[in-house]
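Structure first, commentary second.
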Amino acid sequence: MQFHLFNIQDNSNHKKRIKMKIGVTGATGQLGRIVVEKLKEKVPANNIVALVRNPEKCSAMGVEARAFDYSKPESLIASLHGIDTLLLISSNEIGQRSQQHANVINAAKQVGIKWIIYTSLLHADRSSLNLAGEHLDTEAALKASGVPYTILRNGWYTENYTGSLSGAIASGAFIGSAGNGKIASAARADFAEAAAVVITSDGHVNKVYELAGDEAYTLTELAAEVSSQIGKVLPYTDLPESEYAGILKNIGVPEGFAAAIASWDVGASKNDLFDDGHQLSKLIGRTTTPLSKVVAEALAQ
Ligand SMILES: NC(=O)c1ccc[n+]([C@@H]2O[C@H](COP(=O)([O-])OP(=O)(O)OC[C@H]3O[C@@H](n4cnc5c(N)ncnc54)[C@H](OP(=O)(O)O)[C@@H]3O)[C@@H](O)[C@H]2O)c1
1 MQFHLFNIQD NSNHKKRIKM KIGVTGATGQ LGRIVVEKLK EKVPANNIVA LVRNPEKCSA
61 MGVEARAFDY SKPESLIASL HGIDTLLLIS SNEIGQRSQQ HANVINAAKQ VGIKWIIYTS
121 LLHADRSSLN LAGEHLDTEA ALKASGVPYT ILRNGWYTEN YTGSLSGAIA SGAFIGSAGN
181 GKIASAARAD FAEAAAVVIT SDGHVNKVYE LAGDEAYTLT ELAAEVSSQI GKVLPYTDLP
241 ESEYAGILKN IGVPEGFAAA IASWDVGASK NDLFDDGHQL SKLIGRTTTP LSKVVAEALA
301 Q
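Residues in the sequence shown are numbered from 1 upward in steps of one, following our numbering.
In structure tokens form, the structure reads like this:
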């Protein structure tokens, strides 16, 4: 009997999900594009709305796209019309994000959005990364809004490292300031899948998830993995923060961003990018993508 009742409940939630409109911000970004793909595997495409600065970039996505700029609060309400569930993917405009995200949350509240899911930072409440402040501001704004929320505290993308492998291999120098810090990164696709799972399943309201990869590695271990795949030794050289930032600047990275990248590595050296709670693999129902696979994919490009 209990099983029967559970099924009725489950079916009614399933039907609700089939009807609900899901808005995805940042859907033209690298994470957002994968989230839309993963959602399309779970709900009809006409339930998904991409909320983006340039709707024309969504023409091949197969979902409705509406103009949505976090910095234009006056336009947000109209674009949110009819949306039930909102995935707010954090902006990449560092320094403007607290205000931008507050604009979105205020508009969502006015429109009567029923649930906001936000992509935050791993252990935002204790992380020494300078990125944490804006995420904490947004988490606080969400909680104060009274709108039901779920916070996905995403760890580092493995692609943050594998994206620059070709340069490291070409120069024979893999450098950083992460010391022996353990990095429990995961592939963007893993985080995207977690967002899609949360949006389309029950039991996540007002929860905070610390999402990280199952496998943790140091940059020395990452260099060893790359070395074994390319058949050539690529040593990792750990540098003082200012020296690493200086080299990044010399190869063309804007000075402020170079300093930020080096400072994030110092955060990594203090294990700010580490977590062993395995909440990500529990959500997605499989182990996170192995480092070796993400490295192999990057090398194949
Ligand atoms: N966990 C990590 O390792 C990590 C690493 C990097 C970033 N992040 C964070 O995670 C987010 C998603 O990652 P990602 O790889 O998808 O980053 P991404 O490719 O840079 O995408 C960022 C998205 O934010 C959108 N955006 C920026 N400013 C906006 C505004 N004013 N109004 C509306 N949309 C705006 C961009 O729109 P356009 O497509 O129009 O440019 C883009 O779609 C990033 O924005 C950042 O907050 C996390």
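Yeah, the Cβ is synthetic: ideal placement off N, Cα and C, and Gly gets one too.
Note that this is a predicted model, so its numbers are computed, not measured.
Test item: CB-CB of residue i and residue j under 8 Å
i    : j    : result
A262 : L248 : yes
L122 : I22  : no
A184 : D276 : yes
A186 : G163 : no
A223 : F174 : yes
A140 : K42  : no
V111 : I77  : yes
L303 : A107 : This structure leaves residue 303 out entirely; the chain is present only between 1 and 301.
M20  : N47  : yes
Y236 : G176 : yes
I169 : I251 : no
P290 : V205 : no
Presumed contact (8 Å Cβ cut-off) between residue i and residue j, rounded CB distance
i    : j    : result
R153 : V198 : Going by Cβ atoms, the distance from R153 to V198 rounds to 12 Å, so no, they are not a contact pair.
T218 : N160 : Not quite, the Cβ-Cβ distance comes to about 15 Å (not below 8 Å), so this is no contact.
T28  : V63  : About 12 Å; that fails the 8 Å criterion.
S75  : D84  : Not confirmed; about 20 Å, so no contact.
E193 : K38  : 5 Å
V226 : V295 : 6 Å
Unbroken alpha helix (DSSP H) run spanning residue i, endpoints
i    : result
S263 : E255 to S269
I34  : Q30 to K40
G133 : A132 to S145
G23  : From DSSP, G23 is part of no alpha helix (DSSP H) but of the beta strand (DSSP E) over I22 to T25.
D238 : Run containing D238: none in the alpha helix (DSSP H); it sits in the beta strand (DSSP E), Y236 to D238.
G167 : L165 to S171
L122 : Note, L122: premise wrong, no alpha helix (DSSP H); not H, not E.
I77  : P73 to L80
I175 : Unbroken run through I175 is the beta strand (DSSP E), F174 to G176; no alpha helix (DSSP H).
N103 : R97 to V111
R188 : R188 to I199
T220 : L219 to I230
Residue i classed as buried or exposed, judged by whether at least 16 other C-beta atoms fall within 10 angstroms
i    : result
R188 : buried
S269 : buried
F3   : At F3 the pLDDT is 31, less than 50, meaning the model places this residue with poor confidence; the figure from the coordinates comes in the next sentence. Its Cβ having fewer than 16 others within 10 Å, F3 is exposed.
S59  : exposed
S242 : exposed
L5   : Only weak support exists for where L5 lies, its pLDDT of 33 falling under 50; the value from the coordinates is given anyway. Answer is exposed; the Cβ neighbour count stays below 16.
V24  : buried
Residue i: first and last residue of the uninterrupted beta strand (DSSP E) it sits in
i    : result
N154 : Y149 to N154
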